[in-house]
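Q:
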Amino acid sequence: MQRGTTHIIGAGLAGLAAAVQLSERGRPVVIHELARHAGGRCRSYFETALGLTIDNGNHLILSGNTAAVGFIDKIGSRAKLAWPHEAEFAFCDLASGERWRLRPNAGSLPWWIFAADRRVPGTRATDYLVLARLLAGTRGKTVGRLLDKRSVLHHKLFEPVLLAALNTELDAASADLAGAVIRETLARGGNACRPLFAPEGLGPVLIDPALAFIERRGGKVQFDHALRGFEFEDGRAAVLNFAEGAVRLGADDTVILAVPAWVARTLVPDLATPTQYRAILNAHFKVPRPAGCPRIQGVINGTTEWLFAFDDRLSITVSAADRFNETEREPLARQLWAEVTKLAGASGEMPPWQIVKERRATFAATPAENARRPHAATHWRNLHLAGDWTATGLPATIEGSVRSGETAAGLALRVAA
Ligand SMILES: Cc1cc2nc3c(=O)[nH]c(=O)nc-3n(C[C@H](O)[C@H](O)[C@H](O)COP(=O)(O)OP(=O)(O)OC[C@H]3O[C@@H](n4cnc5c(N)ncnc54)[C@H](O)[C@@H]3O)c2cc1C
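Counting from -10, one number per residue, gives the positions in the sequence shown under this note's numbering.
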């Protein structure tokens, strides 16, 4: 297929997923990216304070993220991920020192909830019936309205897991989006919940091989090439305006706009998008992974919510972290380091560290913001939208981004057909 070129604006995961899908089908693609690198919020970069390459945020991918795993297989980077044989999540309660492992059984019949050594300590099998409420029609409700936040299960399972998935305080978070996450992972059994860890970071798994895949098929990537605006004519995007000049689109050319929501709304007239965001805070400590420290650990009763143990650093995540936006960095790093020593069995003075606060990490996954997400198709017949903020039915995640890119690519192919 050669008819027309698809111009993809933005080389984040959504743009890359679209480009991979199109170049695989023989459609010429040109990616225009504002930055000097690809990956967007999912990029890996060299962090000078640490002297290490790190990810812009610790990212959890689960084996049940079918689009993400399909994308990884297509671009040939499966071997760059550690694939555990079974779903197993280490947890630690920092207040009591209690440690446990959550181990959903592989199949979709959830017998693990009847096994005290597999479920959350202090819970009964019947407690898990509340999951059915999330899976039933929850239209427009919040998680806070559906689940009892005083329950042990809420405190020790839903809070860490759903907060990480939705990046929004659960009182305000959309139960529809929470239900979608549970439906695609826990409800499908342990086989869909295996945590996939990227020991070398996300760049070598998701970004570099995607770029290589696209370039091998003749796709072009132009960095430092920000779209400034569109000109629309006769119901279609006719011109792309860049600082370096204008690109007039041919009759068969299509455009996929895969920029963040706050950029898209400045480029496309009358586009409704989410307008509220939540921060994610990551702290990184340059210390080798202590022997026996789990790769990924959930944390209860701490500021830390998840600990990721890389070979060369211990990195923690705090979701919906807006309360720390103005917090002084060094005292916060000391507080977090104290937690990390307990969680990981590390010791000694605080090593070289870095705190990264991403203020607009994701859109706020509330029912109202979820309702503002646009579909991939627009009023303009050759312009399609992609990005974690479009109407994927999922929260802002890698899985949602990949799906959004593939949906937009599907529409572009239909225009070309
Ligand atoms: C700290 C953090 C932790 C996260 N943790 C997880 C996790 O554990 N699991 C998970 O699944 N997801 C997680 N996410 C979410 C995930 O990273 C995002 O959903 C995903 O990366 C979004 O991809 P995207 O392509 O939609 O957007 P982006 O990554 O924002 O890509 C948009 C691209 O457009 C470019 N651009 C902007 N303006 C222009 C312009 N005018 N012209 C050209 N290009 C432009 C940008 O530079 C960028 O490269 C996390 C996000 C953050 C920030």
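Even for Gly, the Cβ is constructed at its ideal location relative to N, Cα and C.
(1) Among G239, F212, D213 and N54, which has the Cα closest to the Cα of R225?
(2) Can you give me the start and stop residues for the alpha helix (DSSP H) that V359 sits inside?
(3) Express the C-alpha separation of F212 and A24 in angstroms, rounding to a whole number.
(4) State buried or exposed for H373, treating a residue as buried only when at least 16 other CB atoms are found within 10 Å of its CB.
(5) Say the cut is 6 Å; is the CB of S390 nearer than that to a heavy atom of ligand 1?
(6) Along the chain, where does the beta strand (DSSP E) containing V19 start, and where does it finish?
(7) Near Y117, what residues of its chain come up, given a Cβ to Cβ distance below 6 Å and the 5 sequence neighbours on each side ignored?
(8) To the nearest angstrom, how far is it from the Cα of W378 to the Cα of A350?
(9) Return helix, strand or coil for N180, following the three-state DSSP convention.
(10) Using the C-alpha atoms, what's the distance from I387 back to A153?
(11) By the three-class DSSP mapping on this structure, what secondary structure does R205 have?
(12) Counting pairs of Cβ atoms below 8 Å between the segment 193 to 203 and the segment 158 to 172, do you hit three or more?
(13) Report yes if the CB atom of R284 is closer than 7 Å to the CB atom of D300, and no otherwise.
(14) Just checking H144 against ligand 1 - is the residue's beta carbon closer than 6 Å to any of the ligand's heavy atoms?
(15) Do A247 and A401 have their CB atoms nearer than 7 Å?
(16) Go ahead and label T174 buried or exposed: buried means 16 or more other beta carbons lie within 10 angstroms of its beta carbon, across all protein chains shown.
(17) What is the residue span of the beta strand (DSSP E) that I289 lies within?
(18) Among G86, A397, I344 and R267, which residue has its Cα nearest to the Cα of R318?
(19) Less than 6 Å between the CB of P386 and some heavy atom of ligand 1, yes or no?
(20) Going straight from the alpha carbon of G190 to that of D223, what length do you get?
(21) Within its chain, find whatever has a CB closer than 6 Å to the CB of E36; leave out the 5 residues flanking it on each side and keep chain order.
(22) If you measure from the CB of G29, is any heavy atom of ligand 1 nearer than 6 Å?
(23) Could you check if A27 is buried or exposed, using at least 16 other CB atoms within 10 Å of its CB as the buried criterion?
(24) For the alpha helix (DSSP H) that contains W251, what are its first and last residues?
(25) Determine the DSSP secondary structure at T174, reduced to helix, strand or coil.
(26) Compare the Cα-Cα distances from P415 to each of V141, E77, R361 and I203 and report the closest residue.
(27) Answer with buried or exposed for A7, where buried requires no fewer than 16 other C-beta atoms within 10 angstroms of its C-beta.
(28) Is E347 near ligand 1, judged by its Cβ being under 6 Å from some heavy atom?
(29) Who are S304's beta bridge partners in DSSP?
(30) In three-state terms, what does DSSP make of I210?
(31) Relative to the C-alpha of T131, which candidate in W100, R113, R108 and T157 has its C-alpha closest?
(32) Measuring alpha carbon to alpha carbon, tell me which residue in P384, R128, N371 and A375 is nearest F352.
(33) Compute the Euclidean distance between the alpha carbons of G334 and A398, then round it to the nearest angstrom.
(34) Report the three-state DSSP secondary structure of C282 (helix, strand or coil).
(35) What I want to know is whether the C-beta of E189 ends up closer than 6 Å to one or more non-hydrogen atoms of ligand 2.
A: In terms of the structure at hand:
(1) In the sequence shown, residue 225 corresponds to position 236, counting from 1. Per the Cα distances, G239.
(2) The residue you call residue 359 lines up with position 370 of the sequence shown. According to the sequence shown, residue 359 is Asn rather than Val. Run containing N359: P356 to A360, per the alpha helix (DSSP H) assignment.
(3) For this step, residue 24 is matched to residue 35 along the sequence shown. For this step, residue 212 is matched to residue 223 along the sequence shown. Taking the straight line from one Cα to the other gives about 6 Å.
(4) Numbered from its first residue, the sequence shown carries residue 373 at position 384. So H373 ends up on the buried side.
(5) As a position in the sequence shown, residue 390 is number 401, starting the count at 1. Indeed, a heavy atom of ligand 1 lies less than 6 Å from the Cβ.
(6) To locate residue 19, count along the sequence shown from 1; it is residue 30. Unbroken beta strand (DSSP E) run through V19: V18 to H21.
(7) Here residue 117 is taken as the residue at index 128 of the sequence shown, counted from 1. Excluding sequence neighbours, Y117 sits near I102.
(8) The residue you call residue 378 lines up with position 389 of the sequence shown. The residue you call residue 350 lines up with position 361 of the sequence shown. Cα to Cα, W378 sits roughly 11 Å from A350.
(9) Taking the first residue of the sequence shown as position 1, residue 180 is located at position 191. If DSSP states are grouped into helix, strand and coil, N180 belongs with the helices.
(10) Counting from 1 along the sequence shown, the entry for residue 153 is found at position 164. Counting from 1 along the sequence shown, the entry for residue 387 is found at position 398. Taking the straight line from one Cα to the other gives about 13 Å.
(11) Taking the first residue of the sequence shown as position 1, residue 205 is located at position 216. Helix at R205.
(12) no
(13) Position 295 of the sequence shown, counted from the first residue, corresponds to residue 284. Position 311 of the sequence shown, counted from the first residue, corresponds to residue 300. In this structure, D300 does not lie closer than 7 Å to R284 by Cβ.
(14) Taking the first residue of the sequence shown as position 1, residue 144 is located at position 155. Result no, Cβ not under 6 Å from ligand 1.
(15) Translated into positions along the sequence shown, residue 247 becomes position 258. Translated into positions along the sequence shown, residue 401 becomes position 412. No, these two residues do not count as a Cβ contact at 7 Å.
(16) By 1-based counting over the sequence shown, the position of residue 174 is 185. Buried: at least 16 other Cβ atoms inside 10 Å.
(17) Residue 289 sits at position 300 when you count from the first residue of the sequence shown. Taken as a continuous stretch (DSSP letters only), the beta strand (DSSP E) holding I289 covers I285 to I289.
(18) By one-based count along the sequence shown, residue 318 stands at place 329. Here the closest residue by C-alpha is I344.
(19) Taking the first residue of the sequence shown as position 1, residue 386 is located at position 397. As written in the sequence, residue 386 is Thr, which differs from the Pro given in the question. Indeed, a heavy atom of ligand 1 lies less than 6 Å from the Cβ.
(20) Walking along the sequence shown from the start, residue 190 turns up at place 201. Walking along the sequence shown from the start, residue 223 turns up at place 234. Looking at the two C-alpha atoms, the distance is approximately 45 Å.
(21) Along the sequence shown, read from residue 1 onward, the residue named residue 36 stands at position 47. Result list for E36: I43 and Q343, in chain order.
(22) Residue numbering aside, residue 29 sits at position 40 when the sequence shown is read from its first letter. Answer for G29: yes, Cβ within range of ligand 1.
(23) As a first step, residue 27 must be located in the sequence shown, where it is residue number 38. Flag for A27 reads buried.
(24) Translated into the one-based positions of the sequence shown, residue 251 becomes position 262. From DSSP, the alpha helix (DSSP H) with W251 extends over A250 to L256.
(25) As a first step, residue 174 must be located in the sequence shown, where it is residue number 185. If DSSP states are grouped into helix, strand and coil, T174 belongs with coil.
(26) In the structure as shown, the chain starts at -10 and stops at 406, and residue 415 therefore has no counterpart that could be examined.
(27) Here residue 7 corresponds to residue number 18 of the sequence shown, with the count starting at 1. It is buried - the Cβ of A7 has at least 16 other Cβ atoms within 10 Å.
(28) Reading the sequence shown from its first residue, position 358 is the one you call residue 347. True, at least one ligand heavy atom lies under 6 Å from that Cβ.
(29) By 1-based counting over the sequence shown, the position of residue 304 is 315. Per DSSP, H273 and F297.
(30) Walking along the sequence shown from the start, residue 210 turns up at place 221. With the sequence shown as reference, residue 210 is identified as Val, and Ile is not the correct amino acid for it. V210 falls in the strand class under three-state DSSP.
(31) Mapped onto the sequence shown, residue 131 falls at position 142. Answer by Cα proximity: T157.
(32) Translated into the one-based positions of the sequence shown, residue 352 becomes position 363. Here the closest residue by C-alpha is P384.
(33) Start at 1 with the first residue of the sequence shown, and residue 334 comes out as number 345. Start at 1 with the first residue of the sequence shown, and residue 398 comes out as number 409. Using only the alpha carbons, I get a separation of about 47 Å.
(34) Within the sequence shown, the letter at position 293 stands for residue 282. Coil at C282, not helix or strand.
(35) Absent from the structure shown: ligand 2. Ligands present: ligand 1.
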